[in-house]
Amino acid sequence: MNSIIENSDQILDIAVLDSIPINADRMTTASHAVAETQAAADITAASGIDQAIESFVGPIAQAFSNVVFFELSIGGVGIPLIVVWLMAAAVFLTVYLRFQPIRGLKYSIGIIRGRFTRKTDPGQVSSFQALATELSGTVGLGNIAGVAVAITVGGPGAALWIIIFGFFAMTVKMAEATLGVKYRKIQADGTVSGGPMYYLRDGLAEIGRPKLGKFLAVFYAIATVIGVIGAGNLFQANQAAAILVKATGGDSSFLADKLWLIGAVVAALTALVILGGIKKIGQWTSKLTPMMAILYFLSILVILVMNIGEIPHAFALMFTGAFTPDGLTGGVIGVAIVGIQRALFSNAAGIGSAAMAHAASKTTKPATEGFVAMWEPLIDSVIICTLTSLAIITTGLYGSSSEDGIGLTSEAFATVAGWFPILLTICVVLFAFSTILAYGYYGQQALGYLTGNSKKADKAYQIFWILAVIVGASMSLESVIAFSDAIFFLMAFPNLLGLYFLSRILRLEILRLRKRIDVGVMREITPAELQVGMGDHEPTAEQIKAAEAGRRRKRDKLRGVRDSLKAKKLERAKRGD
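My numbering numbers the first residue of the sequence shown as 3 and each following residue consecutively.
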């Protein structure tokens, strides 16, 4: 274990702290979250309103967090039950669905490129835009600060466990997206309502558990409406403001006492996008996500090129540290838990957000979106987290720096040049903004379920979401964020329960699609102009007319078959008389 680990008691304390309120995109320990949010509070002193809210909400938030993140002690390491719940589902689904992250990736390339779906299929966005929307909600501080925390606490071996469980998380996302499409609702105006709420209610009713399904659906929807406010809005805006102030001079920055101004600018940009609905969000995220991923990738690549000789040694440290750690209480278990928490909390597998993002995709075959959604943990927890890990390990900072979290990653960037951390700041701000967009949509979907898709409630929530960006940027509300964090991870309980109940239906959908592709029944859509593609997916008037004519022919043919069978049945009945 690296020199930063002084004794086993220290590690136990850190490991315990590592398991309390964390959200899917901030992915730092509660202590780091408080510390980083406090950085903003140091820049602009907490107001009386801040203090009043904290004093009231603080005890409630702490008590609730203790329940949601209740721990079991194994080998001297605290393991939150919520992590066990997420881990168990990831392993079960991977095995039960026959290791699709290995066997199924080849099917997904053409699907992501929109070659198997028509522009006239029901839905509002392309598969690629749904993928970008979900990635924009999960790729963020977890890949930058969370990985650094994992390596600081568990050593380089924790990075390998992030990769390993990123692999298992791929199947969870696959399951969520598939069921999200299967049980979605297409409104008369073509808009889509989807998410775990619908497959919990309708899916469980289908297998004879309607009362349980309705309860779990409402429970999930309420948890989502509350949880995304802190995880996807307040915290993101707060951190974006704090990082911008730090990058522009800290206390002496022009923005130091104008955090509300940062919030207002971000809120205005958010309004431009979010008021346009999922189509506008999909258009923005499909451009933002690749752009920020490429910027981050190229920045890390520069660091790795400068330390290219250390890369083999870095991988060796990751492998040896994962299975033969030194000094960490709990040994392999301790390192594994640190890494697994970071992986599962980084990609949000099990939370159910993938079901809401992919439900809006243009397709008539639910499993197509499952094969697309598999890529999300692969990109998030395997590729991007590995790049961050290598940057920190190859520079040698994990064992010598006093920084942790995003500070450690920033130091790794600074080894290139003094100005290089500016690129990291740009990435973090873009990550935060894209998360605000994605999670705003998720909150709308959950509220829509609770209000019967009320247009007034939807518009009111959009306005509230936009204004909350300003509040999050300019106020220090640690306890409010901690409370919503706990609610956020509570979403995993009903969602994963639903995946277990619907696993047989899920397996049939996945394996049936694979079989149809293998035997040639499902082929690429022709002509190519009718394919959804990765860009423009709106059908022309002629395409819509042709699709409607095709559907009429199918209905007429089906009606003819039914009439024929009915006539034969009557004829047999007469002969029997």
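In this text, a Cβ means the ideal position worked out from N, Cα and C, and glycines have one as well.
Please read these numbers as outputs of a predicted model, since none were measured by experiment.
Cβ pair residue i, residue j closer than 8 Å
{"i": "S110", "j": "M536", "result": "no"}
{"i": "R263", "j": "L246", "result": "For the record, residue 263 in the displayed sequence is Leu; it is not Arg. It is not a contact, given that the beta carbons lie outside the stated cut-off."}
{"i": "N349", "j": "T140", "result": "yes"}
{"i": "G352", "j": "A494", "result": "yes"}
{"i": "A207", "j": "G197", "result": "no"}
{"i": "G500", "j": "L202", "result": "yes"}
{"i": "T390", "j": "I472", "result": "no"}
{"i": "A362", "j": "Q53", "result": "no"}
{"i": "G445", "j": "T226", "result": "yes"}
{"i": "I84", "j": "F71", "result": "yes"}
{"i": "I597", "j": "G205", "result": "This structure cannot speak to residue 597, because the chain is shown only from 3 to 579."}
{"i": "L236", "j": "V59", "result": "no"}
{"i": "T122", "j": "A549", "result": "yes"}
{"i": "L277", "j": "Q464", "result": "yes"}
{"i": "R518", "j": "G106", "result": "no"}
{"i": "E511", "j": "A357", "result": "no"}
{"i": "N455", "j": "Q64", "result": "no"}
{"i": "V384", "j": "F169", "result": "yes"}
{"i": "C387", "j": "M294", "result": "no"}
{"i": "T417", "j": "T397", "result": "yes"}
Residue i - containing alpha helix (DSSP H), residue span
{"i": "L515", "result": "505 to 520"}
{"i": "H539", "result": "That residue, H539, is in no alpha helix (DSSP H); it is neither H nor E in DSSP."}
{"i": "M524", "result": "Unbroken run through M524: none, as it is neither H nor E."}
{"i": "T397", "result": "Careful: T397 lies outside any alpha helix (DSSP H) and carries neither H nor E."}
{"i": "W262", "result": "261 to 276"}
{"i": "Y201", "result": "Segment: none, Y201 is in no alpha helix (DSSP H) and carries neither H nor E."}
{"i": "F221", "result": "212 to 231"}
{"i": "T301", "result": "Looking at the sequence itself, residue 301 is Ser, so the reference to Thr does not match. Residues 279 to 308."}
{"i": "D105", "result": "A quick correction: the sequence has Arg, not Asp, at residue 105. Run containing R105: 102 to 105, per the alpha helix (DSSP H) assignment."}
{"i": "T580", "result": "In the structure as shown, the chain starts at 3 and stops at 579, and residue 580 therefore has no counterpart that could be examined."}
{"i": "W467", "result": "457 to 476"}
{"i": "F415", "result": "408 to 416"}
{"i": "P423", "result": "423 to 453"}
{"i": "V155", "result": "149 to 156"}
{"i": "G372", "result": "368 to 375"}
{"i": "V603", "result": "The first residue shown for the chain is 3 and the last is 579, placing residue 603 beyond what the model contains."}
{"i": "I353", "result": "Run containing I353: none; DSSP gives neither H nor E here."}
Top-ranked residue by Cα proximity to residue i, from the options
{"i": "T119", "options": "V268, Y201, F415, E526", "result": "E526"}
{"i": "V174", "options": "F415, A362, A90", "result": "A90"}
{"i": "D259", "options": "M477, T427, S412", "result": "M477"}
{"i": "I114", "options": "G284, Q131, G125", "result": "Q131"}
{"i": "G147", "options": "R344, K364, F466", "result": "It should be noted that the sequence gives Ala, not Gly, for residue 147. Selected option, being the one with the closest Cα: R344."}
{"i": "V97", "options": "M172, S138, S255, P158", "result": "M172"}
{"i": "P61", "options": "R518, A338, A484, I84", "result": "A484"}
{"i": "I228", "options": "S486, S566, I507, R506", "result": "S486"}
{"i": "A272", "options": "P529, Y502, V59, I438", "result": "In the sequence under discussion, the amino acid at residue 272 is Thr, which differs from the Ala named in the question. The residue with the shortest Cα to Cα distance from T272 is I438."}
{"i": "G284", "options": "K570, G442, N309", "result": "G442"}
{"i": "S129", "options": "T365, T193, D520", "result": "T365"}
{"i": "I489", "options": "G232, G192, S566, A179", "result": "G232"}
{"i": "F221", "options": "N68, R211, M199", "result": "M199"}
{"i": "V86", "options": "L498, S402, A190, S355", "result": "L498"}
{"i": "G112", "options": "A152, M524, K559", "result": "M524"}
{"i": "I153", "options": "I428, T411, A266", "result": "T411"}
{"i": "F503", "options": "F317, L133, I209, I424", "result": "I209"}
{"i": "P379", "options": "R553, N145, A65, F66", "result": "N145"}
{"i": "K282", "options": "H539, K559, A543, K556", "result": "H539"}
{"i": "A448", "options": "L425, R186, K108, F415", "result": "R186"}
Bridge partners - residue i, DSSP secondary structure assignment
{"i": "P82", "result": "E73"}
{"i": "Q533", "result": "R120"}
{"i": "F188", "result": "Just to set this straight, residue 188 is Ile in the shown sequence, not Phe. Partner(s): V194."}
{"i": "V127", "result": "S363"}
For residue j and residue i, believed in contact at Cβ under 8 Å, the rounded distance
{"i": "L88", "j": "L346", "result": "5 Å"}
{"i": "A150", "j": "G341", "result": "Their Cβ separation, rounded to whole angstroms, is 13 Å, which puts A150 and G341 out of contact at 8 Å."}
{"i": "A475", "j": "V268", "result": "7 Å"}
{"i": "A1", "j": "Y451", "result": "Here the chain covers residues 3 to 579 and nothing more, so residue 1 does not appear."}
{"i": "A589", "j": "V374", "result": "Outside the shown range of the chain (3 to 579) lies residue 589, about which nothing can therefore be said."}
{"i": "P496", "j": "L218", "result": "4 Å"}
{"i": "S195", "j": "L290", "result": "About 25 Å; that fails the 8 Å criterion."}
{"i": "V337", "j": "W163", "result": "6 Å"}
{"i": "L306", "j": "I395", "result": "The Cβ separation is near 10 Å, so there is no contact."}
{"i": "I313", "j": "L261", "result": "Actually they do not touch by this definition, with Cβ atoms about 40 Å apart."}
Chain B within 8 Å of residue i, Cβ atoms only
{"i": "M358", "result": "Here there is only one protein chain, and chain B is not present."}
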